Amino acid sequence: MTINKRKKCDRARGKTTHGWGAKKKHRGAGNRGGRGMAGTGKRAKHMKTHILKKIGISYYGKHGFNRPQSTFVKLKQINLEEIDRKAKKQGTEYIFDASGYKVLAKGNITKKIKITADAFSQVAKEKIEAAGGEAILC
């Protein structure tokens, strides 16, 4: 007749360490002040001399500059070939509103189009004016 072996966790019930030896052994890195080089600028002062010799003073402190992202607006892009396809005729002229976009020079323009956009590439502006259109910044 076979005897069912009890699971390890069942056998460890009532014992404080569950097979890990002393109470202080099986613990996370939080108990030890971190792993590796953690805390070298704060609590692990005994490592400071070693770090200064091997890596140098540049290991400590902040370096560089982070440009605030709010000042930089990345515009969506649209090409001339797409504008040429989508431009609507209003009265006698074609008008296209590309506000929030930068107009790029890929493709050609076949009609006089009045384009309003946030930005134009230099070549795109030249192509629009060569076709008799207008590039207006909004």
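So in our numbering, spot 59 of the sequence shown is number 71, and the numbers just go up one at a time. All C-beta atoms in this analysis are idealised placements derived from N, C-alpha and C, irrespective of residue type, glycine included. Here the structure is a predicted model, which means the values were calculated and not measured.
> How big is the Cα-Cα spacing for residue 35 and residue 70?
Replying inline: Numbered from 1 along the sequence shown, position 23 holds the residue referred to as residue 35. Numbered from 1 along the sequence shown, position 58 holds the residue referred to as residue 70. Their Cα atoms are separated by approximately 40 Å.
>> Taking the straight line between their C-alpha atoms, what separation do you get for residue 136 and residue 52?
In response: Here residue 136 refers to the residue found at position 124 when the sequence shown is read from its first residue. Here residue 52 refers to the residue found at position 40 when the sequence shown is read from its first residue. In a straight line, the C-alpha of residue 136 is about 55 Å away from that of residue 52.
> What are the boundary residues of the alpha helix (DSSP H) that includes residue 135?
Replying inline: The sequence position of residue 135 within the sequence shown is 123, counting from 1. Element bounds for residue 135: 134 to 142.
> Is the CB-CB distance between residue 96 and residue 121 below 7 Å?
Replying inline: Residue mapping note: residue 96 aligns to position 84 of the sequence shown, counting from 1. Residue mapping note: residue 121 aligns to position 109 of the sequence shown, counting from 1. Contact: yes.
> Should residue 85 go down as buried or exposed, given a rule of 16 or more other Cβ atoms within 10 Å for buried?
Replying inline: As a position in the sequence shown, residue 85 is number 73, starting the count at 1. That one is exposed.
>> Assuming contact is defined by CB atoms lying nearer than 7 Å, are residue 114 and residue 146 in contact in what I supplied?
In response: Against the sequence shown, residue 114 aligns to sequence position 102. Against the sequence shown, residue 146 aligns to sequence position 134. Cβ distance not < 7 Å, so residue 114 and residue 146 don't count as in contact.
> Residues bridged to residue 115 by DSSP?
Replying inline: Residue mapping note: residue 115 aligns to position 103 of the sequence shown, counting from 1. Note: residue 115 sits in a beta bridge opposite 90, 132.
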